Amino acid sequence: MQQDPNSRPATGYPYPYPPPQQPANGYPPNAGTAYPYQNHNPYYAPPQPPSPRAVLIRRLFTAFTVFLLILGLILFIFFIVVRPQIPNVYLNSLSVSNFTVSNNRLAGNWDLRLQFQNPNSKMSLHYDGVLCTLNYNRETLSETRLQPFDLGTKDQTQINATLSVSGTYVDGGLVDSIGKERASRGIVEFDLRVVSLVTFRYGVYRRRRYVTVFCDDVAVGVGGNSSSGNMVGSAKRCKF
């Protein structure tokens, strides 16, 4: 019997083992037995809990913010309900007597009647330190202070006042302007300013503020040869 010349004797080694199979999830087996992760970054520091002082400041800031919001809401509701309004002022009459202008000297007595009205239906008013100033071409001629008074809700009152000038020196341009008005139109236009310290009152609520009104270009009939005259036209409402 002949042997196959291409045959090789057995080496005596077993068939190599099959390669290890990877699990379906892609992770090696016994992953739980691996060494835990260690952070070797020397600059890493675990987060620290906030300090009690920071917590207290944060709580105080939150409480203060809530307080401001509540206070703003209360004031908003108050002004919606009460609706404070600025009082109205009317110049009912203005007359002048002993009015003379000569040699840069001016003299005269101005008698006026002011009417104050309170348009508020829930707030009363107290007037203190009412100052009336008479001007001509932005030049102050005279001023006087009125007595304090009160105005109830929807109330009104009239106040009389007198302003006097006795031989006061005035600029030559002012004298010429007054002379031209008297000669051309027979009138002189004066300006009146009223500054008041008003207290708005509603229950225990009090608020003080200055209120300024202007009655400009008030025409008073004073002819060239006359030393007295009265306001031309009806009552005039002063503007804020």
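Sequential numbering of the sequence shown, starting at 1, is according to the UniProt record's numbering.
Idealized CB from N, CA, C, for every residue including glycine.
Keep in mind that this is a model prediction, so the values were computed, not measured.
When the beta-carbon positions are compared, Leu-125 and Arg-201 come within less than 9 Å of each other. In terms of CA proximity to Phe-240, Pro-87 leads the group Gln-117, Leu-68, Pro-87, Arg-105. Rounded to the nearest angstrom, the gap between the Cα atoms of Arg-185 and Lys-122 is 46 Å. Secondary structure of Phe-67 (DSSP, three-state): helix. For the pair of segments examined, the stretch 87–102 was found to touch the stretch 215–235: the number of CB pairs separated by less than 8 Å reaches three. DSSP places Asp-191 in the uninterrupted beta strand (DSSP E) bounded by 187–202. In this structure, Leu-197 lies away from Val-89, with their beta-carbon atoms at least 9 Å apart. Only residues of its own chain outside the window of five on either side were considered, and among them Arg-182, Ala-183 have a CB closer than 6 Å to the CB of Gly-224, listed in chain order. Burial is judged here by how many other beta carbons sit within 10 angstroms of a residue's own beta carbon; Leu-75 has fewer than 16 and is exposed.
Counting along the chain, the unbroken alpha helix (DSSP H) around Ile-178 starts and ends at 172–184. In the structure shown, Arg-237 adopts extended strand secondary structure according to DSSP, grouped into three states. According to DSSP, residue pairing for Val-96 in a beta bridge involves Trp-110, Gly-229. Three or more beta-carbon pairs separated by less than 8 Å link the stretch 100–113 to the stretch 164–172, which places the two stretches in contact. With respect to Ile-159, Arg-113 sits close: the two C-beta atoms are nearer than 9 Å. In its chain, beyond the 5 residues on either side, Tyr-90, Leu-91, Asn-92, Ser-93, Gln-115 have a beta carbon closer than 8 Å to the beta carbon of Ala-235. Ranked by Cα distance from Ala-219, the options Pro-84, Leu-134, Phe-61, Asn-98 are led by Leu-134. Val-101 and Gly-179 do touch by the CB rule: their CB atoms are close to 7 Å apart, below 8 Å.
Cβ-Cβ distances below 6 Å link Gly-152 to Ser-124 in the same chain, with the five nearest sequence neighbours on each side left out; the list follows chain order. Residues of the same chain with a CB within less than 7 Å of the CB of Gly-173, apart from the 5 flanking positions on each side, do not exist.
Looking at the DSSP output, Thr-133 bridges to Glu-143, Arg-193.
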